[in-house]
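Structure record follows, encoded as structure tokens.
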Amino acid sequence: MPLFDSHCHLDDAAFDADREAVIARARAAGVGAMVTVGTDAVSSRRAVAIAASAPGVFAAVGIHPHEARLASEEALEELQGLAGHPRVRAWGEIGLDFHYLHSPPGAQERWLKRQLEAAAALNLPVIFHERSSAGRFLAVVAEAPPPAGAVVHCFSGTADELERYLELGFLIGITGILTLPGRGAALRELVRRIPRERLLVETDAPWLTPDPERRGMRRNEPACVRTVLLRLAAERKEDPAALARQVTENACRLFKIDALAEQALFGYLTERA
Numbered sequence: 001m002p003l004f005d006s007h008c009h010l011d012d013a014a015f016d017a018d019r020e021a022v023i024a025r026a027r028a029a030g031v032g033a034m035v036t037v038g039t040d041a042v043s044s045r046r047a048v049a050i051a052a053s054a055p056g057v058f059a060a061v062g063i064h065p066h067e068a069r070l071a072s073e074e075a076l077e078e079l080q081g082l083a084g085h086p087r088v089r090a091w092g093e094i095g096l097d098f099h100y101l102h103s104p105p106g107a108q109e110r111w112l113k114r115q116l117e118a119a120a121a122l123n124l125p126v127i128f129h130e131r132s133s134a135g136r137f138l139a140v141v142a143e144a145p146p147p148a149g150a151v152v153h154c155f156s157g158t159a160d161e162l163e164r165y166l167e168l169g170f171l172i173g174i175t176g177i178l179t180l181p182g183r184g185a186a187l188r189e190l191v192r193r194i195p196r197e198r199l200l201v202e203t204d205a206p207w208l209t210p211d212p213e214r215r216g217m218r219r220n221e222p223a224c225v226r227t228v229l230l231r232l233a234a235e236r237k238e239d240p241a242a243l244a245r246q247v248t249e250n251a252c253r254l255f256k257i258d259a260l261a262e263q264a265l266f267g268y269l270t271e272r273a
């Protein structure tokens, strides 16, 4: 069963002691590819270095909304340089998060706009982060150059938000929240409405460990994306292997992984239009 973890943070210090073993466990679980995602210039630099050294690992570079207060034009220039690396397949994660307000809303909006401009100029797809922005996220996105593809990572929004994201052509990233008894209830209803060709699965590791793995381990890993996929298939009443193939192809299409590279990573050849 081919699996693609479309969003993890392998650069995080939680993996410093056993990063290679984590990647090996993912491979053993059928995870042929993963995207390790930056949150500022330093973590993006680390993400690119990890991707460059590990087959099947790709990178995204960007400034997370939590880090917007520390962002600078110099950091943006560094990210633009990093984005030229062949293992970089997306810009992100970027967006708005007004839930915790680690950065002022104005700073978040400014750097979301600047990064959307940068991603569009580089023809890179975007990985979005949105939480509790009360409509401002969609307003900012509407004023910016359209991205070359996008995914709303770790979707846990409303039915109205989902409908709007789908109208905009965005993909929807599903995490281990889907498996959580209380917190995942609303998401379990909404995932049935998402077209198959718009779905991605992700871990957001080392966070959001799915149930039941969280009962025996605190740290999430890319290998756990298998649990997310199996629960997604169960909620949608679909064959897990067929759904895994579809969401893997969705990820390869978004991140511009060509058919021959996909065959090398996952063992099959896809007909591409």
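According to the numbering used here, the stretch in the sequence shown is residues 1 to 273, in order.
Ideal placement from N, C-alpha and C gives every residue a C-beta, glycine not left out.
- DSSP, read as helix, strand or coil, puts S43 in helix.
- Under DSSP, H9 shares a beta bridge with no residue.
- Per DSSP, reduced to three states, the secondary structure at F15 is helical.
- The region 139-149 makes no contact with the region 70-78: fewer than 3 CB pairs, one atom from each, lie closer than 8 Å.
- With contact defined as three or more Cβ pairs closer than 8 Å, the region 242-250 and the region 183-203 are in contact.
- With respect to G92, V152 sits apart: the two C-beta atoms are not nearer than 8 Å.
- In this structure, DSSP gives E130 an extended state, which the three-state scheme calls strand.
- Taking V61 as reference, the option from Y100, A107 and F128 with the minimal CA-CA separation is F128.
- The beta carbon of D5 is closer than 8 Å to those of A26, V31, A33, M34, V35, V201, E202, T203, A205, P222 and V225 in its chain, skipping five residues each way along the sequence.
- In the structure shown, R87 falls within a coil segment according to DSSP collapsed to helix, strand and coil.
- Shown here, G182 sits in coil according to DSSP, grouped into three states, outside any helix or strand.
- Beta-bridge analysis with DSSP links G173 to L200.
- Collapsing the DSSP output to three states places F137 in a helix.
- Remark: C-beta atoms of H7 and V48 do not approach each other more closely than 8 Å.
- Counting C-beta atoms within 10 angstroms of its own C-beta, D18 has fewer than 16 neighbours from the protein chains shown and is therefore classed as exposed.
- DSSP places L96 in the strand class (E or B) of the three-state scheme.
- Minimum Cα-Cα distance from N220 among the listed residues L229, T209 and V228 corresponds to T209.
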